[in-house]
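A.B. asks: Attaching a single structure in structure tokens format; questions to follow.
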Amino acid sequence: MSRVAIVTGAARGIGAAVAQRLAQDGNAVAVVDLDEAACSGTVQAITDAGGKAIAVGADVSKSDQVAAAVERVAAELGAPTILVNNAGVLRDNLLFKMSEDDWDTVMSVHLKGSFLMSKACQAHMVEAGYGRMVFLSSTSALGNRGQANYASAKAGLQGLAKTLAIELGKFGITANAIAPGFIETDMTAATAARVGVDFEEFKKATAATIPVQRTGKPEDIAAAASFFCSEEAGFVSGQVLYVAGGPRN
Ligand code: NAP
Numbered sequence: 001m002s003r004v005a006i007v008t009g010a011a012r013g014i015g016a017a018v019a020q021r022l023a024q025d026g027n028a029v030a031v032v033d034l035d036e037a038a039c040s041g042t043v044q045a046i047t048d049a050g051g052k053a054i055a056v057g058a059d060v061s062k063s064d065q066v067a068a069a070v071e072r073v074a075a076e077l078g079a080p081t082i083l084v085n086n087a088g089v090l091r092d093n094l095l096f097k098m099s100e101d102d103w104d105t106v107m108s109v110h111l112k113g114s115f116l117m118s119k120a121c122q123a124h125m126v127e128a129g130y131g132r133m134v135f136l137s138s139t140s141a142l143g144n145r146g147q148a149n150y151a152s153a154k155a156g157l158q159g160l161a162k163t164l165a166i167e168l169g170k171f172g173i174t175a176n177a178i179a180p181g182f183i184e185t186d187m188t189a190a191t192a193a194r195v196g197v198d199f200e201e202f203k204k205a206t207a208a209t210i211p212v213q214r215t216g217k218p219e220d221i222a223a224a225a226s227f228f229c230s231e232e233a234g235f236v237s238g239q240v241l242y243v244a245g246g247p248r249n
């Protein structure tokens, strides 16, 4: 059945792949990102493939922008009953060098952004008696040097997914988290640049530490999101799926 999906941070990377996959699955997709114009590539890829999509500019950490974005999606595509909370930023640093702003920015985008989006969408999902929420966590939730802010936010998202699974299950809504390992995107390329290593070398060295001996692609995460967002996954809720080529990496 065709549903309306919102994917945040979908201008590029994992979000773009998830948006395209959910469109392939037959859903109309709202491609949400900070800059509406930056969403045009993802929207074009979906429409070129025969799917339906719109670009929506919004900062997920701002409640007024989230409310306006969700209202626009409901008016232009219909009630959103699939939500993938994917928007994210990095502000890595060791604790003694991490600024309050680094902490607040990461918490605002990942955690508060997911809270605001979930709250705005749940009204539509409860009314429909159906919903699928997915939260992008990370293997960093298990702890990662230089990521006190990010690891805390990603662990928090697992708690949010489990709690919403408990609260919203009776309305036909599931909530699950995906915890990716190393995925080849601008985000990991930026990490390589920050530590001064060529991205290809960085990928090669990382792949050697991963049980399946390769780094991940955005499509690996899109496949997991597709399952959690499917109608047939209705009995799978409050779960955290590590998609990392092994138990963690
Ligand atoms: P990415 O390439 O950096 O893409 C993230 C997208 O989110 C960007 O388009 C960015 O927009 C957007 N965004 C940032 N702040 C936003 C805000 N306040 N409101 C709306 N959109 C915002 O990252 P990615 O690698 O695809 O990661 C996607 C998600 O997976 C993130 O939550 C990340 O933490 C998680 N993850 C990634 C990896 C990995 O290895 N790549 C591993 C584990 C988890 P701008 O370009 O305008 O900043």
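UniProt numbering puts the sequence shown at residues 1 to 249. Just so you know, even glycine gets a beta-carbon here, dropped at the ideal spot from N, CA and C. Since we're looking at a predicted model, the values are computed, not measured.
Note down, one range per segment and in chain order, each alpha helix (DSSP H) of at least 4 residues found wholly within the region 172-236.
C.D. replies: Those alpha helix (DSSP H) runs which fall completely within the region 172-236 and span 4+ residues are 186-194, 199-207 and 218-228.
A.B. asks: Pull up the distance between the alpha-carbon of V70 and that of V212, whole angstroms please.
C.D. replies: The residue given as residue 70 occupies position 70 in the sequence shown. The residue given as residue 212 occupies position 212 in the sequence shown. Their Cα atoms are separated by approximately 39 Å.
A.B. asks: If you follow the beta strand (DSSP E) that G131 is in, where does it begin and where does it stop?
C.D. replies: The residue you call residue 131 lines up with position 131 of the sequence shown. Residues G131 to L136.
A.B. asks: Based on Cα-Cα distance, which residue from Q147, G57, D64 and V89 lies nearest to M98?
C.D. replies: Residue numbering aside, residue 98 sits at position 98 when the sequence shown is read from its first letter. When each option's Cα is compared against that of M98, the closest is Q147.
A.B. asks: Could you check whether the Cβ of M187 sits closer than 6 Å to any heavy atom belonging to ligand 1?
C.D. replies: Here the question's residue 187 lines up with position 187 in the sequence shown. Under cutoff, so the answer is yes.
A.B. asks: Apart from the five residues just before and just after C39, which ones in its own chain have a Cβ nearer than 8 Å to its Cβ?
C.D. replies: Reading the sequence shown from its first residue, position 39 is the one you call residue 39. So the list reads A10, A11, V31, V32, D33, A55, V56 and G57, once near-sequence residues are dropped.
A.B. asks: Distance check for L95 and I6, CA to CA, integer angstroms please.
C.D. replies: Within the sequence shown, the letter at position 6 stands for residue 6. Within the sequence shown, the letter at position 95 stands for residue 95. Distance between the alpha carbons of I6 and L95 is about 34 Å.
A.B. asks: Using C-beta distances below 8 Å, list every residue in its chain close to T47, excluding the 5 sequence neighbours before and after it, in chain order.
C.D. replies: The count along the sequence shown starts at 1 and reaches residue 47 at position 47. Correct list, in chain order: A53.
A.B. asks: Rounding to the nearest angstrom, what Cα-Cα distance links A208 and A193 in this structure?
C.D. replies: By one-based count along the sequence shown, residue 208 stands at place 208. By one-based count along the sequence shown, residue 193 stands at place 193. For A208 and A193, the distance between alpha carbons rounds to 19 Å.
A.B. asks: So, under 8 Å CB-CB, G51 and V4 are touching, yes? Tell me the CB distance rounded to an integer number of Å.
C.D. replies: Mapped onto the sequence shown, residue 51 falls at position 51. Mapped onto the sequence shown, residue 4 falls at position 4. That belief does not hold up - the Cβ atoms of G51 and V4 are roughly 12 Å apart, past 8 Å.
A.B. asks: Is it the case that the region 22-31 contacts the region 133-140, given that we only count it when at least three CB pairs across the two stretches are under 8 Å?
C.D. replies: Segments in contact, no.
A.B. asks: How is Q147 classed by DSSP in three states: helix, strand or coil?
C.D. replies: Taking the first residue of the sequence shown as 1, we reach residue 147 at position 147. The answer is strand: DSSP assigns Q147 an E or B state.
A.B. asks: Among the candidates Y130, V84 and A177, whose CA atom is the shortest distance from the CA of Q239?
C.D. replies: As a first step, residue 239 must be located in the sequence shown, where it is residue number 239. Nearest of Y130, V84 and A177 to Q239, Cα basis: A177.
A.B. asks: Could you give the DSSP three-state label for A55: helix, strand or coil?
C.D. replies: Walking along the sequence shown from the start, residue 55 turns up at place 55. DSSP places A55 in strand when its eight states are reduced to three.
A.B. asks: When the Cβ atoms of the region 119-130 are set against those of the region 150-158, are three or more pairs found closer than 8 Å?
C.D. replies: Contact fails: fewer than three Cβ-Cβ distances are below 8 Å.
A.B. asks: Going by DSSP, name the residue or residues bridged to L241.
C.D. replies: Looking up residue 241 in the sequence shown gives position 241. In DSSP, L241 forms a bridge with I178.
A.B. asks: Tell me which residue opens and which closes the beta strand (DSSP E) that V32 is part of.
C.D. replies: As a working mapping, residue 32 is identified with position 32 in the sequence shown. Where V32 is concerned, the enclosing beta strand (DSSP E) stretches over A28 to D33.
A.B. asks: Do you know how far the Cα of G129 is from the Cα of S63?
C.D. replies: The residue you call residue 63 lines up with position 63 of the sequence shown. The residue you call residue 129 lines up with position 129 of the sequence shown. For S63 and G129, the distance between alpha carbons rounds to 24 Å.
A.B. asks: Alpha helix (DSSP H) containing L116: first to last residue?
C.D. replies: For the purposes of this step, residue 116 is taken as the residue at position 116 of the sequence shown. From DSSP, the alpha helix (DSSP H) with L116 extends over G113 to A128.
A.B. asks: Would you report the Cα separation of A165 and Q65, rounded to the nearest angstrom?
C.D. replies: For the purposes of this step, residue 165 is identified with residue 165 of the sequence shown, where counting begins at 1. For the purposes of this step, residue 65 is identified with residue 65 of the sequence shown, where counting begins at 1. Spanning the two alpha carbons is a distance of roughly 25 Å.
A.B. asks: By the three-class DSSP mapping on this structure, what secondary structure does A5 have?
C.D. replies: Here the question's residue 5 lines up with position 5 in the sequence shown. DSSP places A5 in strand when its eight states are reduced to three.
A.B. asks: Excluding the 5 residues preceding and the 5 following D198 in the sequence, name in chain order all residues of the same chain whose CB lies nearer than 8 Å to its CB.
C.D. replies: Along the sequence shown, one-based indexing puts residue 198 at 198. Only A192 meet the Cβ criterion.
A.B. asks: Considering L95, what are the terminal residues of the beta strand (DSSP E) in which it resides?
C.D. replies: Locating residue 95 in the sequence shown gives position 95, where the first residue counts as 1. That residue, L95, is in no beta strand (DSSP E); it is neither H nor E in DSSP.
A.B. asks: Please tell me whether, using a cut-off of 6 Å, the distance from the CB of G159 to the nearest non-hydrogen atom of ligand 1 is below it.
C.D. replies: Along the sequence shown, read from residue 1 onward, the residue named residue 159 stands at position 159. G159: no, Cβ never under 6 Å from ligand 1.
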